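In the UniProt record's numbering, the protein residues as written are 1 to 341.
Heads up: the structure comes next, in structure tokens.
Here it is as structure tokens:
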């Protein structure tokens, strides 16, 4: 896998709060989901990125997900299964982006035009304040998800640990619909069968308030779009395109998606895309080498042999900036301790 720029690599993490110390790395484009749990929900999260260029170095550059007709042109996806531990009101569940610091001095020319395009062609329910000290862009979760399934209901503890939730399949994207008793919920609420009609239905505050993410019920959702291209770090909207690299600074190199409550500010989970460069990139590669070395030692103690073919190892070496010692890649390239890619 060759990278378009050796100066930048992408890292994706997720966690049950805003606190970075609670976040763990996500393995993009792979079979293994990341389990997240807090006092509000249990969740399984998968991220797919077309033309992925980042950590871990041996991560697949794409996913079978992008071959599905319904995902043609999609650049990335955050797909997840989740079970609430308490009822969550539909008019309080929010999905979007936010930042811990100002970005107003880094907004590219044409930003306001881009916002108008997004509100007109993507989601009219989006609200934002890009000029605040802690800028944000939010929309109701019920209008944000590009696919949503309502599943079975059990006692919250009957589902077991977060890692035991039904998986989001890598080869088959989540599609709009329901499973088991979830079909009755959709029928009772007269939810439309198609994505576009469901999103339009929930632009009504009244319809949002009528929906509840129920304690103990399984939900699956997929947020994806064709507009952010992590392959060349650009924003591509209908009739409008911005290359974002030159607007990246020390405080503007992260994009955080958050699923939260807009009334209580409770965070259900967040997914963070970080564009690493400079010293931060070098440190991240060192950290990966140490983590993989520990995984290798643990695997050896368990009688397992770490994975990593000569071909894929060579590809990982080629992906690194040319001034990196090759030995660091060799140490780093072992089977991920969280699962297979």
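Just so it is clear, CB atoms sit at the ideal spot from N, CA and C, and this is done for glycine as well.
In this text, all values refer to a predicted model and were calculated from it rather than measured experimentally.
- Let me know the secondary structure DSSP gives residue 235 once reduced to three states. strand
- Query: When we look at the beta-carbon of residue 42 and count the other beta-carbons within 10 Å, is it buried (16 or more) or exposed?
  - Reply: buried
- Where residue 202 falls: helix, strand or coil (DSSP): coil
- Query: For residue 151, which of 170, 175, 161, 120 has the nearest alpha-carbon?
  - Reply: 175
- Task: Starting from the C-beta of residue 129, find all residues in its chain whose C-beta is less than 7 Å away, skip the five residues before and the five after it, and write them out in chain order.
- Result: 135, 136
- Query: On the premise that residue 224 lies in contact with residue 71, defined as a C-beta separation below 8 Å, what is that separation, rounded to the nearest angstrom?
  - Reply: 7 Å
- Message: Assess contact between the stretch 273 to 288 and the stretch 26 to 42, defined as three or more Cβ pairs (one per stretch) separated by less than 8 Å. Is contact present?
- Response: no
- Mapping DSSP to helix, strand and coil, what is residue 41? strand
- Message: Along the chain, where does the alpha helix (DSSP H) containing residue 144 start, and where does it finish?
- Response: 141 to 144
- Task: Confirm, please, whether the CB-CB distance from residue 125 to residue 203 is below 8 Å.
- Result: yes
- Task: Give the range of the beta strand (DSSP E) segment to which residue 122 is assigned.
- Result: No beta strand (DSSP E) holds residue 122; DSSP gives it neither H nor E.
- Do the CB positions of residue 53 and residue 278 come within less than 8 Å of each other? no
- Query: Whose C-beta lies closer than 7 Å to the C-beta of residue 281 among residues of the same chain, with five residues either side of it excluded?
  - Reply: 9
- Span of the beta strand (DSSP E) holding residue 152? 147 to 153
- For residue 343, count neighbouring Cβ atoms within 10 angstroms of its own Cβ and tell me buried if that reaches 16, exposed if not. Because the chain is modelled from 1 through 341, residue 343 falls outside the range shown and cannot be assessed.
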